[in-house]
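Encoded as structure tokens, the structure appears first; notes follow it.
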Amino acid sequence: MPSANELSQHGFFGPITASLDWCEANYQFSHYIAELANTLSNFFTLYLAIRGARQLQQESLPGRFVVSCIGFALIGVGSFAFHASLLYEAQLLDELPMIYVASMGIWFLYDCQPGFDLSSTQTKLRIAFLLLFDGLFTWSYAVYRNPVYHQVVFAILIISCAIRIAYLLKWSPVRTRIPDDKKHVIASMFTTGALTFASGFFVWNLDIIFCDTLTRWKQTVGWPAAFLLEGHSWWHLLTGLGTYYMFIGIQYITLCIKDDHRKFSVARRSWLPYVKRLDN
Ligand SMILES: [Zn+2]
């Protein structure tokens, strides 16, 4: 009996050119979508990105956060295209925005000057540095096409965000601008996000390491229940939710440092947190 992975390697998009392929069987349910669950699970990322951007606009929060939500949505669109086609170009549409959004998070966390306009020389320099970093990564990844290189750089960026937040809250001179109860909320948002993200990474690994076992289980259970065993789809759901929470933590700490903490709080609207403006 062929394994699910050997069912079909060809569909509408032709031979697989991506440098990665996942445990989910290719073209099992559709001639047009290589990995059905891994493709459709990206709708959750899109939902979170659109919802996040709408809330930012409703609360009149800085445009830079909306740009990060657009980047978040692009990851979802790129990932949709990648898992639907397994083409190398689509893989880049998934992987590159991950680096752009994470590096944008670093920019947010290193900008501690008051106000959100982009006119100061320091802000322009930081944006130039960000664009230079993203440009260099894009070029180097086009030359050195090892997906592990992308994964390591992405992990370094996320860990750097976590270290920077810990520094800002505990040791930096700007820590005095944030009262303890709000520091607690920031830490809790970012930690919830990081742990949710890390649990996604754990499942991502399980899906790769135990693919043969999982494939046998899927065939035993049968579809649609077997969709619940698609570990990479769980990675999409968990990292999407984790990113959303980390976004809220980063938005809140940035607003407290660069503006006035008394103007903002974190509220919840149908199960998800968002930064609420108190002065309108
Ligand atoms: Zn994926």
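Residue numbers (my numbering): 1072 to 1351.
Note that beta-carbon positions come from the ideal geometry of N, C-alpha and C, so glycine has one too.
Item checked: Exposure label - glutamine 1172; buried when at least 16 CB within 10 Å -> Contrary to the premise, residue 1172 reads as valine rather than glutamine in this sequence. Its Cβ being crowded by 16 or more others within 10 Å, valine 1172 is buried.
Next item on the list: Report yes or no: do the stretch 1155 to 1166 and the stretch 1176 to 1196 share at least 3 C-beta pairs separated by less than 8 Å?
Entry: no
Checklist line | Proximity test, serine 1150 beta-carbon vs ligand 1 heavy atom, cut-off 6 Å | finding: yes
Checklist line | Nearest neighbour of serine 1174, chosen from Ile1280, Val1224 and Tyr1118 [CA to CA] | finding: Val1224
Next item on the list: Given a cut-off of 7 Å, decide if glutamine 1322 and phenylalanine 1136 are closer than it, judged by their beta-carbon atoms.
Entry: yes
Note to self: Judging by CA-CA distance, which residue of Arg1246, Gly1302, Pro1344 and Tyr1316 is the nearest neighbour of isoleucine 1328?
What the structure shows: Arg1246
Check: Taking tyrosine 1315 as the reference, which of Ser1090, Ile1121 and Leu1239 has the closest Cα?
Finding: Ile1121
Note to self: Can you give me the C-alpha to C-alpha distance between glycine 1320 and valine 1256, rounded to a whole angstrom?
What the structure shows: 8 Å
Margin query: Do leucine 1117 and glycine 1147 have their beta-carbon atoms positioned less than 7 Å apart in this structure?
Written below: yes
Next item on the list: Identify which residue in Thr1262, Leu1343, Ser1336 and Pro1295 has its Cα closest to the Cα of methionine 1317.
Entry: Thr1262
Next item on the list: Identify the continuous beta strand (DSSP E) that holds phenylalanine 1335 and give its terminal residues.
Entry: 1335 to 1340
Check: When DSSP builds the beta bridges, which residues end up paired with arginine 1348?
Finding: Phe1335
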